[in-house]
Each structure stands twice: as C-alpha cells, then as structure tokens.
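Numbering (my numbering), first residue to last: 5 to 355. Below: the structure, in structure tokens.
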C-alpha cells in the first residue's frame, strides 16, 4: 500500500501517486477498497452505482500468484451472491442442497455437482423476441423489464413492450441480437434473447432458439395490416414454419405487458382474494392464477414457479405497466405454513 501518498499541506492536501504522475504497483485495487471517502474509483465501476447499493463478496484475487483475499461489490446479480466469505459458503451450501433435491435429481441432468461463478454485468435488462428466416432476424418485440433485477436472487416480474429505450439503444440491442444468433449458427425459427445495457454497450445474457416461455407469449399479438385480424405468437410461428400467409404481420400498435406474479413466501396456498377488483382495473386484459389451491408453493430460489400471470394492454407502455402494478396490489394471497412431513424418496423431513 505505498502506491499513493498525501501531497502538499493543510487544506491543499491531495492524494497523489508516490511515483510522479504514474503508478508503479501491482494494480491490485486495494487503494480503492480502503479509500475512506470514495474519491478513488475504478474505471469499470465509476458512475454505475453507489456504495450503499452494493453487496459484497469475499473472494481471492487472481491478478497474480499471491492469492490475496479481497471483497467484490456487486449489484443486480441474477445468481445467489454473498456479502462475505461466510455468506459465500452459506450460499454455496444452499445451492448444493438445491442440486441434491429429489426434484432436481429426477431430471437426470449432467454436471449437477458443479456450480458456475460468473462476473456480474450491471445495467438495464431487456428481452428480445425474434424470428429467423434464412439467417435474417426479424425483431418481433423488445420488452423492458422495469423492476430492478437485483439479488441476492430474484424472480422476474414485469415485461412491457414496446421498449422505452432510446432509438439508438434499440438499434444497438438489435445489432447485438443479430451478432449473437449468427455466432451460434441459428438460421430458422423463433429466438428469445436477453440483454443487459450499460455505458460499455449491450451484453448478451441468454440467446435460445425458442419463443418466450409459458403464458408470457399471450402478451404478443400480431395484426393484419388491412382488416385488423389478430393472431397470437404461437400462430404466427406456425404460419412461419409451414410457410403460410400472415407470418409477416406486424405486432399490434397497443402497448402490452405481463406480470409473473411473485411468490412472497413458501407455504400452502389456501386462498386468493381480490381477483375481481384486479380485473376491474383499466387496461387489465387477463388474469390467470396458475398455482393450485391447497398445494405447496416455494418462494425463490428454492421454487421455480409463479402464482400466476397478469396481462395488460394500453395506449402506452407506462399505462400498461401501471395497470399491472395496480392489479397486483388488489390481489391477496393467503399462504399458510407447511407442516413437517417425511419425503417419500429421501425419508428426510420437509418443513
């Protein structure tokens, strides 16, 4: 820690390099970590968040062979993260139990004894729905995800289209989507992709040769340019697959949104109230409660399902989003604790 020192005196004191105008050090970043006033920042961090918005993860620096212990500040992580070494161990143990659960083991997937730890990418998140024809990508819709997708883990909640990104940002997203599908060698059929956008550009998180999952596809409708007939995403994809007319219909002009209703806590779903009031909200087009009454439902990350879905259509994306939030506020879910029982396969107690 001799890279920086205090230059000049009194009120004119400045933090300056100890070696003229240049640093001669290992560039370990420790001076940034211990700076008491936050005046020293890194180029990859500057202007992207604030210290009190971060959580911190103990890790080992791999800059050189010394293996120094350090702490990473992270935000908006999509995978379980930890604030210190103890919490990292606890998070790893939680993941291990998830991977060892009978529900996961029954899928017989490979590499369930491994965990991927990735660098975190900050920024706004969007989803792209596309359709490939002989390698040419047609963007059907770009969804904003207006809720902050921050960890340590989270459920995705709201998708709204059209996106409220600037035209230049939308062009960057479309260009990145095209580059990604070409890199994967995809040429035909539906594409669902997700991206993060920050000052350094557009970053692909996921690119898959499939449409948007589950009931969320109901948020998209495509309209005949002359008579106004509407078809859903699935029908549009089928028309494209068998080369029927209508595969080129544009998305309807109205804004649309979908909320995947989050699970507030684990337990037995006993009752749902307020659905009539939610349906009465202007802009709400459909409500689907998919969780079954008197069944156990798990909150994330142990759970992987939602309570249901809310759909909206409006003249603007702001109105579509507002309708979803107002409808969700009307819904009340009664979730009772689950009694401890013995799992039939593992013979262990489930609480």
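The beta-carbon is built from N, C-alpha and C at its ideal position, and this holds for glycine as well.
So what's residue i in DSSP terms, helix, strand or just coil?
i           : result
residue 231 : coil
residue 298 : coil
residue 131 : strand
residue 93  : helix
residue 171 : helix
residue 340 : strand
residue 423 : The displayed coordinates of the chain run from 5 to 355. Any statement about residue 423 would go beyond what the structure contains.
residue 136 : strand
residue 252 : coil
residue 282 : helix
residue 271 : strand
residue 222 : helix
Bridge partners for residue i per DSSP, in chain order?
i           : result
residue 163 : 262
residue 207 : 200
residue 113 : DSSP lists no partner for residue 113.
residue 4   : Not covered by the structure: residue 4. The range shown for the chain is 5 to 355.
residue 121 : DSSP, once it has assigned bridges, lists no residue as partnering residue 121.
residue 277 : 336
Below 6 angstroms CB to CB, which residues in the same chain sit around residue i once its five sequence neighbours on both sides are set aside?
i           : result
residue 254 : none
residue 83  : For residue 83, the predicted model reports a pLDDT of 33, less than 50, meaning its position is unreliable and no value from the coordinates is stated.
residue 234 : 225, 227
residue 302 : 270
residue 149 : 129
residue 176 : 206
residue 256 : 225, 227
residue 309 : none
residue 288 : 316, 327, 331
residue 338 : 274, 275
For residue i, report the span of its alpha helix (DSSP H) as first-last.
i           : result
residue 237 : 237–245
residue 108 : 106–109
residue 329 : 321–334
Excluding the 5 residues preceding and the 5 following residue i in the sequence, name in chain order all residues of the same chain whose CB lies nearer than 7 angstroms to its CB.
i           : result
residue 251 : 240, 243, 244
residue 185 : 136, 141, 195, 211
residue 190 : 136, 213
residue 188 : 211
residue 278 : 334, 335, 336
residue 163 : 131, 147, 149, 220, 223, 261, 262
What does a CB cutoff of less than 8 angstroms around residue i pick up in its chain, not counting 5 residues either side in sequence?
i           : result
residue 219 : 262, 292, 294, 313
residue 299 : 272, 273
residue 11  : 17, 18, 19, 20
residue 143 : 132, 133, 134, 178, 181
residue 117 : 103
What residue range does the beta strand (DSSP E) around residue i cover?
i           : result
residue 145 : 140–148
residue 292 : 288–293
residue 318 : 312–318
Is residue i near the ligand MN - that is, is its Cβ less than 7 angstroms away from at least one heavy atom of it?
i          : result
residue 97 : For the structure depicted, the ligand MN is absent and the ligand set is empty, with no information on it obtainable.
Flag residue i as yes if its beta-carbon sits less than 8 angstroms from any beta-carbon of chain D, otherwise no.
i           : result
residue 335 : Although the question refers to chain D, the structure presented lacks it and comprises just one protein chain.
Sequence ranges, beta strand (DSSP E) only - wholly within the region 176–202, length at least 3: As far as the region 176–202 is concerned, its whole beta strand (DSSP E) runs of at least 3 residues are 193–202.
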